[in-house]
Amino acid sequence: MRPLSGCGAIVLGLSVGLGLACATRAAEDDALLRDARRLFAPLPKDMATAERPITPALVELGRALFFDPRMSVDGTVSCARCHQPALYGGDALAKSHGNHDRLNARNAPTVLNTALQFKQHWTGNREDVEDQATKALLGAASYGNPSYDVPMARLKAIAGYQPLFRAAFPDASNPITPENWGRAIGAYERTLVSRSRFDEFLEGKRDALSASERAGLRAFIDTGCVTCHNGVGVGGGEFKKFGVVEDYWKATGSQETDEGRALDTKNPEDKFFFKVPILRNVAMTGPYFHDGSVITLEAAVRAMARVQLGAAPSDREVQDIVAFLGSLTGPLPDNFATAPALPAER
Ligand code: HEC
Ligand code: HEC
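The numbering of the sequence shown is our numbering, which starts it at 7 and goes up by one.
Next up, the structure:
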């Protein structure tokens, strides 16, 4: 329970001054809710779309595949190795390690709510979660398979997967394919929604956020963070340059510079462009940025203000913004908080 605000006293008619202060605060709270509803939206129940529908059978199969390391080249790599439930779908490393401890080029973002985004990966080089999951099978520092034949042969040899694939793809004569691996894991990811107090606030429950969290939301809007971090994910809708006002590495201390999207498109205009990440659960998913160069959320907020906006928020404002970002943390979905039993070999 949060303590009752002083405004409860006005009904007793204790003080005209207090009453006026409360009226002002109520008007500010109304305006904050109005602005927030213009910029953000509450999370949906799941992230299925018309093109990517989900069924319970698809989700059950996808959940088993997500946690199963047997389809990687060295038998140690599942999605959950780098997207760990206890770490809110990240791995708490600056950069992930895959098969044979191979180092990834970038930091692992969370898989929670990720299907909301317009593209996947830091530079958006994966169309959607299905595309991402299929290609992970061949990632040199991920599953490390030389071709799709190898992991598909392994899947076919695990007897326990046969009925799961048949149930998930009832119309397919040969359901075990790389595309269907992606379809099933994608369907599972589309259920990984973590509603938070911020969603309750957007639905009209004003006291779902504390005074500091509301002040932080106000600062997040007024400082200009919302020009990039907006929508249902509080980000995830566009590419922007990292380092608008100043080179990003001056604020992050990054040892190497990553040219971002230009590495994919070979277009110099895309240099240092990255996808604006979603900020849902961001308090739980440090270290921060594409290279995990910044450990604390407070330092990440200061770096963003400096290099994206040329702003230097006060200590109080930074604290409030961090408090607001904390209100974007929701409980882990039940089907992510526990690992499933893996299908038997025979
Ligand atoms: C070895 C560690 C590792 C494994 C295994 C792994 N990932 Fe990732 N994942 C990463 C890294 C690192 C990134 C960021 C890559 C990039 O942007 O260049 C990432 C990005 C993603 C993204 C995009 C998130 C976003 O916000 O853009 C999704 C979704 C995802 N992984 C899901 C999966 C699934 C599903 C699997 C299993 C099929 C998987 N990952 C296996 C490390 C891993
Ligand atoms: C001009 C667009 C833009 C503005 C304005 C902006 N951001 Fe960002 N933000 C980004 C991009 C792009 C990234 C990804 C940077 C990278 O490559 O690591 C990012 C990353 C972040 C991260 C790290 C997320 C993670 O998972 O590692 C946080 C936290 C963040 N922003 C908070 C803020 C705050 C707070 C503000 C306002 C002070 C703000 N941003 C303003 C575009 C922006």
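The beta carbon of each residue, even a glycine, is placed where N, CA and C say it ideally should be.
At least one heavy atom of ligand 1 lies less than 7 Å from the C-beta of Asn-113. In the DSSP annotation of this structure, Phe-124 is not part of any alpha helix (DSSP H), being labelled neither H nor E.
By the Cβ test, the segment 92 to 107 is in contact with the segment 283 to 291, since at least three Cβ pairs between them sit closer than 8 Å. Put simply, of Glu-133, Lys-281, Thr-258, Ser-260 the residue whose alpha carbon is nearest the alpha carbon of Ala-268 is Lys-281. Phe-278 carries a coil assignment under DSSP once its states are collapsed to helix, strand and coil. Bounds of the alpha helix (DSSP H) holding Phe-342 are 340 to 343. Nearest in C-alpha terms to Leu-71, of all of Ala-225, Glu-136, Ser-260, Thr-271, is Glu-136. Proximity to Asp-107 across Asn-180, Glu-209, Ala-147 peaks at Ala-147, based on C-alpha coordinates. Counting along the chain, Phe-171 sits inside the alpha helix (DSSP H) bounded by residues 167 to 174.
Residue pairing of Val-300 in beta bridges, as defined by DSSP: Tyr-294. Lys-162: member of the alpha helix (DSSP H) spanning 155 to 163, first to last residue. Excluding its 5 nearest sequence neighbours in each direction, Val-238 has C-beta neighbours in its own chain below 8 Å: Phe-46, Ala-47, Pro-48, Leu-49, Pro-50, Leu-122, listed in chain order.
DSSP places Lys-256 inside the alpha helix (DSSP H), whose first and last residues are 254 to 258. A distance of 8 Å or more separates the beta carbons of Thr-197 and Pro-319. Check the Cα spacing between Lys-125 and each of Phe-245, Ser-299, Leu-285, Ala-309: the tightest is with Phe-245.
Within the same chain, Cβ atoms closer than 6 Å to the Cβ of Glu-252 are found at Val-313, the five residues on either side in sequence being excluded.
Put simply, the backbone Cα of Ser-333 is about 43 Å away from that of Ser-153. In the DSSP assignment, Lys-141 falls outside any beta strand (DSSP E) and lies within the alpha helix (DSSP H) extending over 135 to 142.
Distance from the CA of Ala-345 to the CA of Ala-86, rounded to the nearest whole angstrom, comes to 9 Å. Excluding the 5 residues flanking it on each side, Ala-190 has same chain C-beta neighbours closer than 7 Å at Leu-64, Leu-67, Gly-68, Leu-71, Ala-174, in chain order.
Counting only the Cα atoms, Val-22 lies some 31 Å from Leu-208.
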